[in-house]
Amino acid sequence: MSRKHPAPGGGGDTRFADALTCLRQVYGDLTEENRILREDPERPVPPGIAVQQQLEQRIARLESEKNDLQSRLDAAQNSRQAAPQQDLLTNLYVAGYHIHRAVDLQAVLTSVKEILLNLVGAETFAIYLLDGDGATLTQVADELGSPPAATRIPLGEGIMGVVAKTGISYFDGDRQAGDFHNPVACVPLKAEEQLLGVIQIHRLFIQKKKLTSQDNELFTLLAETVGAAMLTAMLRRRYLQSANGTAGHWGDLIREAAVAGDGPLGGERGQA
Amino acid sequence: MKPMTFLVVEDSPTMRHLIGFALRHFSGCRIIEAVDGADALRRMAYDKIDFVLTDINMPIMDGLKLVGLLRSNASTSALPIVIITTEGAEEDRKRGLALGADAYIPKPVEAGLLVRTVENVLRERDAVRA
Chain A
1 MSRKHPAPGG GGDTRFADAL TCLRQVYGDL TEENRILRED PERPVPPGIA VQQQLEQRIA
61 RLESEKNDLQ SRLDAAQNSR QAAPQQDLLT NLYVAGYHIH RAVDLQAVLT SVKEILLNLV
121 GAETFAIYLL DGDGATLTQV ADELGSPPAA TRIPLGEGIM GVVAKTGISY FDGDRQAGDF
181 HNPVACVPLK AEEQLLGVIQ IHRLFIQKKK LTSQDNELFT LLAETVGAAM LTAMLRRRYL
241 QSANGTAGHW GDLIREAAVA GDGPLGGERG QA
Chain B
273 MKPMTFLVVE DSPTMRHLIG FALRHFSGCR IIEAVDGADA LRRMAYDKID FVLTDINMPI
333 MDGLKLVGLL RSNASTSALP IVIITTEGAE EDRKRGLALG ADAYIPKPVE AGLLVRTVEN
393 VLRERDAVRA
């Protein structure tokens with residue numbers, strides 16, 4: 001079978017060229033129509049693609065929720081890690097505030113008792129002060145619930161005596177309960193490195209299983225500040241006694257201290 | 273959350289200070305202090321209270337008596353109440369919760385635990401309302 005081709009330069013070439021032009025126009029129209037359809041947001045989406053888009057949207061939503069939960073979890077973990085530090089700072093602030101606001105000896109001792117009961121969780125304890133002879137400690141306050149084993153302790157005798165003599169705290173972080181001879185903690189009270197007294201803790205509350213490093217920080221605060229508060233209270237009492245106990249003389253003491261160069265006025269004069 | 277008014281019932285000034293300081297976590301809150309249960313009732317006559325934190329062992333009127341009175345009074349029966357006490361014994365905790373306290377915190381109080389406990393009580397109450 002043979003195939004006839006149009007003769008060159010005949011009418012067949014023209015028809016072929018016309019058809020080709022027509023096809024190109026149709027192709028151009030279709031391409032343009034497709035472009036418009038693709039850009040139309042309301043064009044119907046084939047079912048397969050619609051499901052895929054829904055899944056992608058859901059994945060994006062879940063990713064967003066996951067990120068949100070992760071950031072909340074991170075914040076909670078950070079907060080939990082910072083909590084013991086915040087608790088410690090709160091306790092130190094409250095303890096320091098109440099020790100330094102007390103101006104008489106009884107108020108200082110009351111503040112110390114409250115701190116031991118409420119911030120440390122000590123159930124039984126006693127506070128001893130150094131006698132005038134500098135050789136014995138005498139009990140001045142307690143929360144024992146029973147008569148003390150001894151109200152006067154020679155320096156160097158037992159754990160408390162050694163703590164008093166060396167000025168170094170004794171701290172047992174493994175026990176909840178002890179007794180007079182075997183306390184869970186013993187804290188020296190000092191002012192300018194001079195011993196003024198000792199706190200002895202015998203037992204912690206039932207819910208407080210043992211002393212922690214936070215308690216140790218609190219003991220350090222007590223050791224360094226309670227002595228100074230006691231000294232201030234004793235000096236104030238001595239001054240008031242010499243001034244016949246009249247409250248107005250407290251202001252005189254502040255003015256005298258300033259004139260003597262101990263107060264802010266004296267300091268300024270010294271710098272001038 | 274709108275600023276709340278807390279009533280702190282505690283005979284120890286140190287503890288009132290500690291609890292009040294911890295509650296500053298709730299921005300804009302007001303803190304009213306009472307030294308025992310009877311003082312708390314007097315304060316409540318003058319101030320609208322949103323939340324009560326009370327010690328158990330107090331002179332004149334203890335915390336358990338206060339919780340009982342608040343729960344039996346129509347105007348205060350729905351108040352959130354947290355009990356704070358030195359006694360960690362199970363019996364004390366049970367008595368407080370049986371009287372209607374929402375939660376219990378043992379002494380020595382940790383500021384962070386106190387804040388979390390108050391937040392939990394508020395969240396649980398919101399959940400019940402929803």
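These protein sequence lines map, in sequence, to chains A and B. Sequence positions in the first sequence follow our numbering and run 1 to 272. Sequence positions in the second sequence follow our numbering and run 273 to 402. Glycine is no exception: its CB is placed at the ideal position from the N, C-alpha and C atoms.
Compare the Cα-Cα distances from residue 170 of chain A to each of A:39, A:152 and A:211 and report the closest residue. A:211
Residue 126 of chain A to residue 138 of chain A span [Cα, whole Å]: 10 Å
Opening and closing residue of the alpha helix (DSSP H) in which residue 41 of chain A lies: Looking at the DSSP string, residue 41 of chain A is not in any alpha helix (DSSP H), and its letter there is neither H nor E.
How far does the beta strand (DSSP E) with residue 323 of chain B in it extend, from its first residue to its last? 323 to 327
Reduced DSSP category for residue 1 of chain A - H, G, I as helix; E, B as strand; rest coil: Any reading at residue 1 of chain A is ruled out, since the residue's pLDDT is 48, under 50, leaving its predicted position unreliable.
Buried or exposed: which applies to residue 389 of chain B, given that a residue is buried once 16 or more other Cβ atoms fall within 10 Å of its Cβ? buried
For a quick check, are the C-beta atoms of residue 328 of chain B and residue 357 of chain B less than 8 Å apart? yes
Say whether chain A places a C-beta atom closer than 8 Å to the C-beta of residue 293 of chain B. yes
Within 8 Å (strictly less), CB to CB, does residue 368 of chain B reach chain A? no
Roughly how many angstroms lie between the CA atoms of residue 179 of chain A and residue 151 of chain A, to the nearest whole one? 14 Å
Between the C-alpha atoms of residue 271 of chain A and residue 100 of chain A, what's the straight-line distance to the nearest angstrom? Confidence at residue 271 of chain A is low in this model, with a pLDDT of 42, below 50, so its placement is unreliable and no value can be given for it.
Within the chosen definition, does the segment 112 to 122 of chain A reach the segment 382 to 396 of chain B through at least 3 CB pairs nearer than 8 Å? no
Express the C-alpha separation of residue 378 of chain B and residue 156 of chain A in angstroms, rounding to a whole number. 37 Å
Do you know offhand how far residue 332 of chain B's Cα is from residue 283 of chain B's? 10 Å
Does the Cβ of residue 344 of chain B have 16 or more other Cβ atoms within 10 Å, making it buried, or fewer, making it exposed? exposed
Give the range of the beta strand (DSSP E) segment to which residue 240 of chain A is assigned. From DSSP, residue 240 of chain A is part of no beta strand (DSSP E) but of the alpha helix (DSSP H) over 213 to 242.
Name, please, each residue of chain A whose Cβ falls closer than 8 Å to the Cβ of residue 396 of chain B. What residue 396 of chain B touches in chain A: nothing, since even the nearest Cβ is about 18 Å away.
8 Å contact criterion, which residue 231 of chain A and residue 115 of chain A should meet: CB distance rounded: Actually they are not in contact, since the Cβ atoms of residue 231 of chain A and residue 115 of chain A sit about 18 Å apart, beyond 8 Å.
Neighbour-count burial assignment, residue 181 of chain A, 16 or more Cβ in a 10 Å radius: exposed
Spatial neighbours of residue 267 of chain A within its chain, please: C-beta separation below 6 Å, excluding the five flanking residues on both sides. Residue placement at residue 267 of chain A is flagged as unreliable, the pLDDT there being 45, under the threshold of 50; a coordinate-derived value is accordingly withheld.
Just the C-alpha distance for residue 393 of chain B and residue 38 of chain A, rounded to the nearest angstrom, thanks. 56 Å
Backbone secondary structure at residue 84 of chain A - three-state DSSP: helix
Suppose you measure from the CA of residue 41 of chain A to the CA of residue 50 of chain A; what does that come to, to the nearest Å? 13 Å
For residue 183 of chain A, count the other beta carbons within 10 Å of its own beta carbon; 16 or more makes it buried, fewer makes it exposed. Which is it? buried
Residue-chain proximity (residue 375 of chain B, chain A), Cβ-Cβ < 8 Å: no
So who's on the other strand from residue 276 of chain A, going by DSSP bridges? Lying before the first or after the last residue shown, residue 276 of chain A is absent from chain A, which here runs from 1 to 272.
Whole-angstrom distance between residue 399 of chain B and residue 375 of chain B, CA atom to CA atom: 16 Å
Between residue 229 of chain A and the rest of its own chain, which residues show a CB-CB distance below 7 Å, the 5 nearest in sequence each way excluded? 99, 100, 102 and 108
Provide the residue(s) that pair with residue 305 of chain B in DSSP beta bridges, ordered along the chain. B:280
Pick helix, strand or coil for residue 136 of chain A, following the three-state DSSP scheme. strand
Three-state secondary structure (DSSP) at residue 183 of chain A? coil
Label residue 64 of chain A either buried or exposed according to how many other C-beta atoms from any shown protein chain fall within 10 Å of its C-beta, with 16 as the threshold for buried. exposed
Selection of the segment 197 to 212 of chain A by Cβ proximity to chain B, strictly under 8 Å: 205, 206, 207 and 208
To test your reading of the DSSP string, which unbroken alpha helix (DSSP H) runs of 4 or more residues are found completely within the segment 10 to 40 of chain A? 11 to 39
Cα-Cα separation between residue 175 of chain A and residue 299 of chain B, rounded to whole angstroms: 39 Å
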